[in-house]
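Some notes on the structure that comes next.
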Amino acid sequence: MKSLLAYLFVSLFLGAVMLNADPTGDTEVVIPTEISQPPYEVGNLISEQGYYIDLAEGAKMNFRIVENKIRIYWLDTNSLIMEPPVKAVTVRFTGSVRGKSYHRAVPAPGDVGLAAPAVVPPPHIYNVILAFESGETYAFRYTADMDSPKAE
Numbered sequence: 729m730k731s732l733l734a735y736l737f738v739s740l741f742l743g744a745v746m747l748n749a750d751p752t753g754d755t756e757v758v759i760p761t762e763i764s765q766p767p768y769e770v771g772n773l774i775s776e777q778g779y780y781i782d783l784a785e786g787a788k789m790n791f792r793i794v795e796n797k798i799r800i801y802w803l804d805t806n807s808l809i810m811e812p813p814v815k816a817v818t819v820r821f822t823g824s825v826r827g828k829s830y831h832r833a834v835p836a837p838g839d840v841g842l843a844a845p846a847v848v849p850p851p852h853i854y855n856v857i858l859a860f861e862s863g864e865t866y867a868f869r870y871t872a873d874m875d876s877p878k879a880e
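Residue numbers 729 to 880, in the working numbering, belong to the letters of the sequence shown in order.
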């Protein structure tokens with residue numbers, strides 16, 4: 729009798745596992761349809777604003793100035809926030825710059841991206857150089873119209 733109960737229990741358990749198993753091994757990624765508000769978490773969908781840099785394997789880096797502060801986020805192939813692969817980025821503004829021309833973006837408290845604590849005075853029209861500890865650099869032009877989210 730005990731072995732029959734054990735057999736039934738194991739059979740029911742394996743049956744339940746098999747019903748929930750995905751035979752293809754693919755797991756469906758649920759992509760949010762609503763824009764998240766800061767502070768962001770991994771997997772959030774963010775507004776399209778700032779400057780985007782294409783990275784390897786379809787990922788992107790997003791540089792933006794929000795409320796006069798620098799924010800840098802990494803996005804996966806679905807344009808969802810992911811963990812930053814680095815702990816710090818040096819940001820340099822060149823040309824005619826009001827305020828500091830060098831900033832250090834580090835993990836933002838309570839947010840997934842990197843942030844520089846100093847205020848960046850408007851108008852936000854800068855030649856920007858992002859420098860990583862690996863020696864990698866990216867240069868681009870940031871203009872004031874990039875501060876606002878694009879219309880959905």
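For every residue, glycine included, the Cβ atom is placed at its ideal position computed from N, Cα and C.
- prompt: If you check the beta carbons only, do Val847 and Asn796 fall under 9 Å apart?
  reply: yes
- prompt: Which residues in the same chain as Met810 place their Cβ atom closer than 7 Å to its Cβ, once the five residues preceding and following it in sequence are excluded?
  reply: Val770, Trp802, Leu803, Asp804
message: Between the alpha carbons of Arg826 and Pro849, how many angstroms are there, rounded?
response: 7 Å
message: Since Val814 and Ile798 should fall inside the 8 Å C-beta cutoff, what is the C-beta to C-beta distance between them, to a whole number of angstroms?
response: Rounded, the Cβ-Cβ distance is 14 Å, inconsistent with contact.
field: Whole-angstrom distance between Ile857 and Ser764, CA atom to CA atom
entry: Per the coordinates, the alpha-carbon of Ser764 lies some 28 Å from the alpha-carbon of Ile857.
- prompt: By a C-beta neighbour count over all protein chains shown, 10 Å radius and 16 as the cutoff for buried, is Ala749 buried or exposed?
  reply: Low confidence applies here, because Ala749 scores a pLDDT of 45, under 50, leaving its location unreliable and the question unanswered by this model.
task: Sort Asp875, Gly863, Asn806, Val840 by Cα distance to Glu785 and report the nearest one.
output: For the set Asp875, Gly863, Asn806, Val840, the Cα lying nearest the Cα of Glu785 is the one of Asn806.
field: Status (buried if at least 16 other CB within 10 Å, exposed otherwise) for Pro760
entry: Exposed.
field: Cβ-Cβ separation, Lys878 to Glu762 (assumed contact under 8 Å), whole Å
entry: With a beta-carbon spacing of about 16 Å, Glu762 and Lys878 fall beyond the 8 Å limit used to define contacts.
- prompt: Exposed or buried, what is Arg792 when buried is set at 16 or more other beta-carbons lying within 10 Å of its beta-carbon?
  reply: buried
- prompt: Can you name the residues that DSSP bridges to Thr865?
  reply: Note: Thr865 sits in a beta bridge opposite Ala859.
query: DSSP beta-bridge partners for Tyr801?
result: Asn790
field: Any beta strand (DSSP E) of 3 or more consecutive residues that is wholly inside the stretch 810–853
entry: Counting only runs of 3+ residues, the beta strand (DSSP E) found wholly inside the stretch 810–853 occupies 817–822, 830–835, in chain order.
message: With the cut-off set at 9 Å, would you say Val840 and Tyr768 are in Cβ contact?
response: yes
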